[in-house]
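Novice: The structure follows.
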Amino acid sequence: MSDLPNAPRKKRAAPKPSAKPKARRFGTEQSSTRTVILDAAEKVIIEEGYAAVTTRRIAERAGIKAPLVHYYYKTIDDLLTAVYRRGAEQSLQRHAEAMSRGDLLRALWEVNADPERTALAIEFMAMANHRKFIREEIARYAEQIRAIQVVALTRHFRERELPEKPFAALPLTVMLASVARSLVMEDGVGIHLGHSETRQAIEAFLDSYPGDLTGLFGDPVT
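Residue numbering for the sequence shown follows UniProt numbering, starting at 1 and increasing by one per position.
Here you go:
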């Protein structure tokens, strides 16, 4: 054995702190892929019902890989919320464009009588029975749109000194939207009796309503 003293042990270097993981990105709002995903989800909801919305089904319809759907939308609930919000914003825009023609009541009827858009709205209403987040979104946008319509109609009646008869602005907007939605719902299950007559009655009512509503579309009510 050597009489030399043991060499001092080298101290181990302290481990370097691990780098902070980068935050996961989920695409940009303007991404064309995001639009493709939303379009695919919307079509599936309209044609197959909201229960058919799965990551795999949306990927198949969009022609992309399933992980890419997860990249943009972490959960199906995130995707459904995005689909609804986009549709609601488009509905607000359609109301603005339609009412700029000057015939607010007819515009209101035509927007609500659109079969595809109304079918989508009906699916979301059915979904709202099981998903609270969608119920809250529907209530927020629906009341915003209805408030806009009521403001425009009320101003129309007031400025022309027209009596709010036989219907005041609020029930009038509710009735037109409800009749249009009911016709679309019944069409979807094969019920057609009385539809033609109802549409003719609505058209006659719209033709008989007095006044021009140009320029009465106000800013969104928040």
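Idealized CB from N, CA, C, for every residue including glycine. All values derive from a computational prediction rather than experimental measurement.
1. Roughly how many angstroms separate the alpha carbons of Pro220 and Ala169, rounded to a whole number?
2. Determine the DSSP secondary structure at Pro166, reduced to helix, strand or coil.
3. How far does the alpha helix (DSSP H) with Tyr72 in it reach, from first residue to last?
4. Grab me the residues of Leu120's own chain with a C-beta within less than 8 Å of its C-beta, minus the 5 sequence neighbours each way, in chain order.
5. Check whether the stretch 179 to 195 and the stretch 107 to 116 touch, using three or more Cβ-Cβ pairs below 8 Å as the test.
6. Do Ala40 and Ala62 have their C-beta atoms closer together than 8 Å?
7. Thinking C-beta only, is His95 closer than 8 Å to Ile145?
8. Can you find at least 3 beta carbon pairs, one from the stretch 149 to 159 and one from the stretch 73 to 85, that sit closer than 8 Å?
9. Leaving out the 5 sequence neighbours to the left and right, which residues in its chain are closer than 8 Å to His195 when beta-carbon positions are compared?
10. Under a three-way DSSP split, which group does Asn129 fall into?
11. Determine the closest residue to Ile37 out of Thr54, Gln90, Ala51 and Val69, with distance taken between C-alpha atoms.
Specialist: Reading off the structure:
1. Confidence in Pro220 is poor, its pLDDT being 35 and thus under 50, which makes the residue's placement unreliable; the coordinate value appears in the next sentence. C-alpha separation (whole angstroms): 17 Å.
2. coil
3. Ala66 to Tyr72
4. Glu42, Ile45, Ile46 and Gly87
5. By the Cβ test, the stretch 179 to 195 is in contact with the stretch 107 to 116, since at least three Cβ pairs between them sit closer than 8 Å.
6. yes
7. yes
8. no
9. These residues qualify, in order along the chain: Leu183, Glu186 and Asp187.
10. DSSP places Asn129 in coil when its eight states are reduced to three.
11. Val69
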